[in-house]
Amino acid sequence: MSRRTADHPGGKIPLRLVLTVPFMIQLVVVAVLIASLSFRNGQQAVNAAAHQLQYEITARIEQHLRTFLDTPHQITGLNASLMRQGVLDVKDAEALQHHFWEQIQIAKSITSIYFGNPRGGLAGSGREGADGTFYILGTDQFKAGPFTKYATDAQGNQTDLLTTVPDFDARRRPWYINAVEKGDATWTDVYLLSTGQDMAIAASRPVYDAHHTLLGVVSVDIFLSHLDAFMHTLDIGKTGQSFIIERSGLLVASSTDERPVSLATADNAPTRLAATDSRIPLIRHAAQFLLDHFGSYQPISDTQHLEFDIQGQRQFLHILPIQNNSAIDWLIAVVIPEADFLAPIAANTQTTTLLIIAALLIAVIIGVITAYRITRPIAQLNASAQALAQGAWEQPIPMSRIQEIDDLSHSFNQMSGQLQHTLETLTAEINAHKETEKALRE
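When the letters of the sequence shown are read in order and numbered with the UniProt record's numbering, they come out as residues 1 to 442.
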């Protein structure tokens with residue numbers, strides 16, 4: 001085995017690789033770290049943006065919903081106060097109708113206002129239809145019996161007959177029964193209109209005189225389609241959705257075009273839609289996830305930030321419970337796909353990747369050029385050393401702009417000159433000795 005092989009059993013590594021490979025490895029490691037940090041920061045930015053948007057959307061829905069639900073009780077409270085004070089005569093059905101008609105002109109979110117007395121009579125006013133036409137309604141002699149509903153003119157006077165019901169008794173209606181049983185302001189359950197075109201809920205309040213004798217029940221109806229209309233105006237990312245459900249899981253309203261109630265047919269009465277039966281995937285999967293996660297909707301008592309997958313795609317889900325007078329107990333939900341936020345992150349990642357690749361290419365080019373500029377004079381020095389070993393003294397080593405290599409070249413040239421001079425001197429001395437020896441022999 002040669003000394004060269006024994007000293008370096010693994011072979012030798014070219015200087016060019018020694019200069020470039022470690023540098024490239026460091027660059028690649030730094031590039032990977034930068035890309036990883038960029039991706040991680042992007043994910044954190046996505047989470048923060050999703051939570052912030054969901055918080056803002058939920059807050060807007062909550063504010064609108066509280067105003068929407070507070071207004072009916074404010075109206076029933078005002079009317080009950082006027083009735084207790086005698087300002088509104090609870091025995092004058094026509095005066096009540098006119099008063100309610102004037103109120104309905106101002107309260108745009110209110111569908112109808114009415115009063116039922118202990119005799120089963122009814123007097124009220126409201127609006128209906130897409131054009132918001134107004135009407136007044138009541139029973140004959142302000143007691144249980146025939147019920148009529150008339151359209152009104154611009155002054156609130158009755159005009160065309162719209163509806164008649166042969167036998168109506170206010171005392172049998174849920175809004176009347178609930179208020180009397182509770183003895184205070186309350187809500188009815190959400191109910192379907194007989195036509196199935198909308199859902200409504202009634203806020204009712206019993207009215208007592210100074211001796212706590214029941215004068216009747218004043219009530220306000222609101223159509224829940226008003227909530228749908230408001231939620232349609234919300235900008236929830238690109239494809240996000242919001243919806244409101246009861247603790248039973250039935251839909252109250254949503255930001256989609258899906259109606260929360262099926263239309264009546266000849267064979268089937270209108271029915272309310274469960275969120276888990278929604279045709280909107282985000283709503284359906286979010287509702288089912290809540291059931292799977294909590295077992296039911298009842299345990300959800302505070303704000304929840306949750307995540308779930310739909311076909312491998314992450315979804316952000318924000319839940320906020322909302323209550324009103326203990327009778328309203330709903331859940332506001334906002335669900336946004338992660339993909340809605342990934343476009344700018346993907347663009348940023350692509351830009352970062354391109355910049356890293358460009359930086360690596362530039363670094364490779366600079367590294368190769370630098371290594372060449374360092375190794376070229378060393379290679380020339382090596383060639384000159386080999387030539388010198390073979391006795392070729394006429395090959396001087398060129399100078400370099402690199403200080404250390406230039407010093408080495410200068411030293412090598414100086415050494416080469418000294419060796420040449422020494423060898424020439426030795427050669428001359430040897431020749432002189434040979435001449436002397438030859439002369440002595442002769």
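Cβ atoms here follow ideal geometry from the backbone N, Cα and C, with glycine treated the same way. Small disclaimer: the values here were computed from a predicted structure and weren't measured.
Rounded to the nearest angstrom, the Cβ distance from residue 219 to residue 76 is 7 Å, consistent with a contact under 8 Å. Under the Cβ criterion (8 Å, minimum of three pairs), the stretch 46-58 counts as touching the stretch 233-240. When DSSP states are grouped into helix, strand and coil, residue 149 belongs to the strand group. DSSP places residue 327 outside both helix and strand once states are collapsed to three, so it counts as coil. For residue 122, the closest C-alpha among the options 151, 106, 134, 95 is that of 95. Secondary structure of residue 236 (DSSP, three-state): coil.
Residue 251 counts as buried, since no fewer than 16 other beta carbons sit within 10 angstroms of its beta carbon.
Non-local beta-carbon contacts of residue 183 in its own chain, meaning distances under 7 Å to residues more than five positions away in sequence, involve 206 in chain order.
Here residue 199 is buried, its C-beta having at least 16 other C-beta atoms within 10 Å.
About 5 Å separates the beta carbons of residue 335 and residue 317, which is inside the 8 Å limit, making them a contact pair. Assignment of residue 338 by DSSP, reduced to helix, strand and coil, places it in the coil class.
Distance from the Cα of residue 337 is smallest, within the candidate group 328, 307, 322, for 307. Per DSSP, residue 174 is one residue of the alpha helix (DSSP H) stretching across 174-182. Contact annotation: residue 90 and residue 215 have beta-carbon atoms nearer than 8 Å. One thing to note: residue 93 has its Cβ within 8 Å of the Cβ of residue 142.
Within the stretch 217-286, complete alpha helix (DSSP H) segments of at least 4 residues are found at 225-232, given in chain order. Going by C-alpha positions, residue 55 is about 43 Å away from residue 156. The beta carbon of residue 97 is closer than 7 Å to those of 123, 124, 125, 136, 138 in its chain, skipping five residues each way along the sequence. Separation of residue 292 and residue 224 (C-alpha to C-alpha, rounded to the nearest whole angstrom) is 28 Å. Counting C-beta atoms within 10 angstroms of its own C-beta, residue 172 has fewer than 16 neighbours from the protein chains shown and is therefore classed as exposed. Per DSSP, residue 193 is not a residue of any beta strand (DSSP E), being assigned neither H nor E. In the three-state scheme derived from DSSP, where H, G and I count as helix and E and B as strand, residue 119 is classed as coil. Our two residues, residue 226 and residue 311, have alpha carbons roughly 33 Å apart in a direct line.
Counting along the chain, residue 96 sits inside the alpha helix (DSSP H) bounded by residues 93-106. A direct Cα-Cα distance of roughly 29 Å separates residue 127 from residue 275.
For residue 133, the enclosing beta strand (DSSP E) stretches over residues 133-139. Residue pairing for residue 163: DSSP places it in a beta bridge opposite 149. Between residue 85 and the set 255, 211, 279, the nearest pair of CA atoms involves 211. Between residue 330 and residue 245, the C-beta gap is smaller than 8 Å, which places the two residues in contact. Spanning the alpha carbons of residue 302 and residue 351 requires a straight line of approximately 41 Å. The beta carbon of residue 101 sits closer than 7 Å to those of 125, 134, 136, 152, 156, all from its chain and outside the five residues before and after it, given in chain order.
Between residue 27 and residue 358, the C-beta spacing is not below 8 Å. Just so you know, the alpha carbons of residue 431 and residue 416 end up roughly 22 Å apart. For the options 249, 43, 72, the alpha carbon positioned closest to that of residue 222 is the one of 72. Between the beta-carbon of residue 35 and that of residue 345 there is about 13 Å, and that puts the pair past the 8 Å contact cut. By the criterion of a C-beta distance shorter than 6 Å, residue 315 is surrounded in its chain by 308, 335, 337, once the five residues flanking it on both sides are discounted.
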